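Colleague: Before we start, here is the structure in question, set down as structure tokens.
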Amino acid sequence: MNAVLKVDGLRKEFGGLVAVDDISFEIGEGEFVGLIGPNGCGKSTTFNCISGLLRQTSGTVEMFGQDISDLRPDQIQNLGMTRTFQHTRLWRQMTVVENLMVPPRDQFGSNIIDKIRSAFAPYSNPAETERLEKAYTNLDQLEVPHMAPNLTSELSGGQSKLVDIGRSMMGDPQLLLLDEPVAGVAGPLAMKIFNNLREIVDQTGISVLIIEHNMDFILRQGVDRIIVMNEGEILMQGTPDEVRGNREVIEAYLGASDESQEEDG
Ligand SMILES: Nc1ncnc2c1ncn2[C@@H]1O[C@H](COP(=O)(O)OP(=O)(O)O)[C@@H](O)[C@H]1O
Ligand SMILES: [Mg+2]
Numbered sequence: 565m566n567a568v569l570k571v572d573g574l575r576k577e578f579g580g581l582v583a584v585d586d587i588s589f590e591i592g593e594g595e596f597v598g599l600i601g602p603n604g605c606g607k608s609t610t611f612n613c614i615s616g617l618l619r620q621t622s623g624t625v626e627m628f629g630q631d632i633s634d635l636r637p638d639q640i641q642n643l644g645m646t647r648t649f650q651h652t653r654l655w656r657q658m659t660v661v662e663n664l665m666v667p668p669r670d671q672f673g674s675n676i677i678d679k680i681r682s683a684f685a686p687y688s689n690p691a692e693t694e695r696l697e698k699a700y701t702n703l704d705q706l707e708v709p710h711m712a713p714n715l716t717s718e719l720s721g722g723q724s725k726l727v728d729i730g731r732s733m734m735g736d737p738q739l740l741l742l743d744e745p746v747a748g749v750a751g752p753l754a755m756k757i758f759n760n761l762r763e764i765v766d767q768t769g770i771s772v773l774i775i776e777h778n779m780d781f782i783l784r785q786g787v788d789r790i791i792v793m794n795e796g797e798i799l800m801q802g803t804p805d806e807v808r809g810n811r812e813v814i815e816a817y818l819g820a821s822d823e824s825q826e827e828d829g
């Protein structure tokens, strides 16, 4: 299995707080992996370091064998990694399809205004037409093409999460990092999102690393592997069956269950 992502000894301190404590793991090509752990255990911080938003205190991150530890978020994105945020960030005054059409790569570049403007010019040039088609393909894959003309400010929390995933796929990422894409999303829709992601992974061969804090839920969603974090460390990695049978994991969760149930939304 070729490693798309290789995290080695990643550590992040905030002042005296060790948020991520020397963790190491790999994500293979075409793998669908869950990253789980109680509230505050370091999951989002791990994403922030991998995607270049935060500089790690120590450790390295490689993508396809290239050291990306010191690259900026836009450079990392151009290598094929896209991430979403725990708190969805859509352009609220734009429609769903327009949100998908804002150029996903080089988005921190200086000519962002030109790019946004050209994205909404009449769809006369082939690149624009292609992007429009791609936007609809992604919405189709997520089974929400009917939402295309809606303003995103009119969407429910769950629908916004779906649009965010659709948008994150616009740049044809080879690695998708999703931070709690189903937190606060009703059960049936949450399961649908996971089913659709599974299909996307199987059809396209991309790799997906998905943060989720609900253990019971992730165990039933058909991910290939689960990485369990607790207090900044990796407690274990394994298949859902292996995680289900691990006493340490169960204990970490029993200890944190009150907190993690309150966190939804
Ligand atoms: N920018 C930051 N500055 C200071 N502390 C932070 C920052 N981001 C996260 N933390 C702390 O790091 C720990 C891990 O947070 P986080 O990675 O958000 O956890 P999770 O995503 O697993 O809920 C928490 O104690 C949190 O308060
Ligand atoms: Mg988080």
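Taken in order, the sequence shown gives residues 565 to 829; the numbers are from this note's numbering. Backbone N, C-alpha and C fix where the C-beta goes; we use that ideal spot for every residue, glycine too. Bear in mind the structure is a predicted one, so any value in this text is a computation, not a measurement.
Tell me the rounded alpha-carbon separation between G673 and V746.
Modeller: With a pLDDT of 46 at G673, under the threshold of 50, the modelled position of this residue cannot be trusted; read the value that follows with caution. Approximately 30 Å between the Cα atoms of the pair.
Colleague: So the candidates are E626, V582, F758 and T621; which of them puts its Cα closest to the Cα of N566?
Modeller: The candidate whose alpha carbon is nearest that of N566 is E626.
Colleague: Could you check where the beta strand (DSSP E) with D572 kicks off and where it finishes?
Modeller: That run of the beta strand (DSSP E) goes A567 to F578.
Colleague: For M779 and I798, I'd like the C-alpha separation in whole angstroms.
Modeller: Rounded to the nearest angstrom, the two C-alpha atoms are 15 Å apart.
Colleague: Could you check where the alpha helix (DSSP H) with S724 kicks off and where it finishes?
Modeller: It spans G721 to S732 - the alpha helix (DSSP H) in which S724 sits, taken as one unbroken run.
Colleague: For L703 versus G730, is the C-beta distance shorter than 9 Å?
Modeller: Yes; because the gap between Cβ atoms is below 9 Å, this pair is in contact.
Colleague: Sorted by chain position, which residues of the same chain lie with C-beta nearer than 6 Å to Q671's C-beta, five sequence neighbours on each side aside?
Modeller: Since pLDDT at Q671 reaches only 45, below the 50 mark, its modelled position is unreliable, and no value is offered.
Colleague: Assuming the contact rule is C-beta atoms closer than 8 Å, M734 and K698 should be a hit. Round their C-beta distance to whole Å, please.
Modeller: M734 to K698, Cβ: 6 Å. Contact.
Colleague: Does any heavy atom of ligand 2 sit closer than 8 Å to the C-beta of D743?
Modeller: D743 Cβ: within cutoff of ligand 2.
Colleague: With a threshold of 16 other CB atoms inside 10 Å of the CB of E718, please say whether the residue is buried or exposed.
Modeller: It counts as exposed.
Colleague: By the three-class DSSP mapping on this structure, what secondary structure does R656 have?
Modeller: In this structure, R656 counts as coil in the three-state DSSP scheme.
Colleague: Give a single yes or no on whether S615 has its beta carbon closer than 8 Å to a heavy atom of ligand 2.
Modeller: No, Cβ of S615 sits at least 8 Å from all heavy atoms of ligand 2.
Colleague: The alpha helix (DSSP H) that contains G751, what's its start and end?
Modeller: G751 to T768 is the span of the alpha helix (DSSP H), which, as asked, contains G751.
Colleague: Where does D828 land, buried or exposed, given buried means 16+ other C-beta within 10 angstroms?
Modeller: Low per-residue confidence applies at D828: pLDDT is 42, beneath 50, and the placement is therefore not dependable, though the value from the model is reported in the following sentence. Looking at its Cβ environment, which holds fewer than 16 other Cβ atoms inside 10 Å, D828 is exposed.
Colleague: Can you check which of these residues, Y817, C613, R695 and G580, is closest to V571 by C-alpha distance?
Modeller: Of the candidates Y817, C613, R695 and G580, the one whose C-alpha sits nearest the C-alpha of V571 is C613.
Colleague: Determine the closest residue to D634 out of L618, I764, N642 and A750, with distance taken between C-alpha atoms.
Modeller: Selected option, being the one with the closest Cα: L618.
Colleague: Check Q671 in the structure and name its three-state DSSP category.
Modeller: Bear in mind that the predicted position of Q671 carries a pLDDT of just 45, short of 50, making it too unreliable to give a figure here.
Colleague: Where DSSP assigns a beta bridge to G592, which residues make up the other side?
Modeller: BP columns for G592 point to A567.
Colleague: Once the 5 residues before and after G573 are set aside, which same chain residues still bring their CB inside 8 Å of it?
Modeller: The residues are D586, I587, S588, S622, G623 and T624.
Colleague: Please find out if some non-hydrogen atom of ligand 2 comes closer than 8 Å to the beta-carbon of K607.
Modeller: At least one heavy atom of ligand 2 is nearer than 8 Å to the Cβ of K607, so yes.
Colleague: Say whether chain C places a C-beta atom closer than 9 Å to the C-beta of T610.
Modeller: Among the protein chains of the structure shown there is no chain C, as only one such chain exists.
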